[in-house]
Amino acid sequence: MRKTSLILSVSLLALAACAPDLDREVGADNTGHFGNATMNNTMLHSGEKDYTIELGKRFATEVPSTITFAFNSAALDGNAIAVLRQQADWIKTFPEVRFRVYGHTDLVGSQGYNKALGLRRAKAVVAYFASQGISRNRLEALASFGETRPVVQTSDPEERNRRTVTEVSGFVKNHPAVLNGKYAAVVHREYLELAKRPHPANQVIATEANPQ
Numbered sequence: 003m004r005k006t007s008l009i010l011s012v013s014l015l016a017l018a019a020c021a022p023d024l025d026r027e028v029g030a031d032n033t034g035h036f037g038n039a040t041m042n043n044t045m046l047h048s049g050e051k052d053y054t055i056e057l058g059k060r061f062a063t064e065v066p067s068t069i070t071f072a073f074n075s076a077a078l079d080g081n082a083i084a085v086l087r088q089q090a091d092w093i094k095t096f097p098e099v100r101f102r103v104y105g106h107t108d109l110v111g112s113q114g115y116n117k118a119l120g121l122r123r124a125k126a127v128v129a130y131f132a133s134q135g136i137s138r139n140r141l142e143a144l145a146s147f148g149e150t151r152p153v154v155q156t157s158d159p160e161e162r163n164r165r166t167v168t169e170v171s172g173f174v175k176n177h178p179a180v181l182n183g184k185y186a187a188v189v190h191r192e193y194l195e196l197a198k199r200p201h202p203a204n205q206v207i208a209t210e211a212n213p214q
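Residues 3 to 214 in my numbering are what the sequence shown spells out, letter by letter.
Dropping the structure here:
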């Protein structure tokens with residue numbers, strides 16, 4: 003009986019170590035290097051990592067990946083929502099894919115405060131995506147304070163540093179397409195659909211004039 007209890011305890015600890023934390027700070031990841039290395043090796047052998055990189059490049063070129071915020075704020079303004087709507091539409095096109103949102107700040111204020119503010123900004127974006135029907139299981143909010151990755155090197159309250167960046171982070175493990183290894187079909191899906199659409203320059207423009 004004691005042996006069974008010990009095995010159960012070890013199993014529960016292993017599961018707890020593998021459980022994802024969807025809202026955490028950059029640099030505050032769990033220290034299970036063995037688990038991270040194993041996952042990385044699995045991605046490499048399956049080709050998932052290459053497809054993740056390829057899909058990430060597509061996302062960054064086809065929709066704006068960054069929004070900015072007012073000083074000392076995590077509120078989404080009209081411009082931010084317009085960009086996030088484009089991101090959400092793209093994300094919903096790929097239900098097999100997971101995404102991360104990185105929150106950043108300018109260099110004004112303490113590191114501790116900026117880390118918390120960056121996380122609030124990332125969570126605000128994730129909350130918006132969830133309101134658009136995207137599962138939170140596919141979304142991860144991460145914070146990175148502005149001192150480490152500013153767009154503009156200045157101690158002034160620079161708007162371009164007060165931002166979030168949305169990126170492709172991987173694939174949903176239990177999705178049928180992923181289980182069947184159909185990564186290429188996922189990555190190239192939109193290419194095939196776009197190829198079937200008429201180019202805007204070739205479309206007939208309707209006018210009010212009646213044909214003779």
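Don't be surprised by glycine CBs; every beta carbon is placed ideally from N, CA and C.
Quick caveat: nothing in here was measured; it's all calculated off a predicted structure.
Pull up the distance between the alpha-carbon of residue i and that of residue j, whole angstroms please.
i      : j      : result
Val167 : Arg138 : 17 Å
Gly80  : Phe173 : 30 Å
Ala77  : Phe96  : 27 Å
Asp52  : Ile136 : 24 Å
Val110 : Lys125 : 21 Å
Ser171 : Glu142 : 9 Å
Arg164 : Ile83  : 15 Å
Arg123 : His106 : 8 Å
Ser75  : Asp108 : 11 Å
Glu50  : Val65  : 22 Å
Trp92  : Arg151 : 26 Å
Cys175 : Asn116 : It is Lys, not Cys, that sits at residue 175 in the sequence shown. The straight-line gap from Cα to Cα measures roughly 33 Å.
Val99  : Arg140 : 7 Å
Are the Cβ atoms of residue i and residue j separated by less than 9 Å?
i      : j      : result
Gly120 : Ser146 : yes
Phe88  : Phe131 : Strictly speaking, residue 88 in this sequence is Gln, with Phe absent from that position. It is not a contact, given that the beta carbons lie outside the stated cut-off.
Leu144 : Val103 : yes
Lys94  : Gln155 : no
Within the same chain, show all residues whose beta-carbon is closer than 7 Å to that of residue i, passing over the 5 residues directly before and after it, in chain order.
i      : result
Glu161 : Thr70
Gly58  : Glu169, Val170
In chain order, what residues of the same chain lie with their CB nearer than 6 Å to the CB of residue i, ignoring the 5 residues before and after it?
i      : result
Val127 : Val103, Thr166
Phe73  : Pro159
Val153 : Arg162, Asn163
Tell me which residues share the same chain as residue i and place their Cβ nearer than 8 Å to its Cβ, disregarding the 5 neighbours each side in the sequence.
i      : result
Ser67  : Phe61, Gln89, Val167, Thr168, Glu169
Ala118 : Ala145
How is the alpha helix (DSSP H) around residue i delimited, first residue to last?
i      : result
Glu142 : No alpha helix (DSSP H) holds Glu142; the beta strand (DSSP E) holding it covers 141–145.
Ser75  : It is not in any alpha helix (DSSP H) - Ser75 carries neither H nor E in the DSSP assignment.
Ser133 : 113–133
Val154 : First-last for Val154: undefined, no H or E at that position.
Ile93  : 80–95
Ile55  : 50–64
With residue i as the anchor, note down where its beta strand (DSSP E) starts and where it stops.
i      : result
Val170 : 165–173
Arg102 : 99–105
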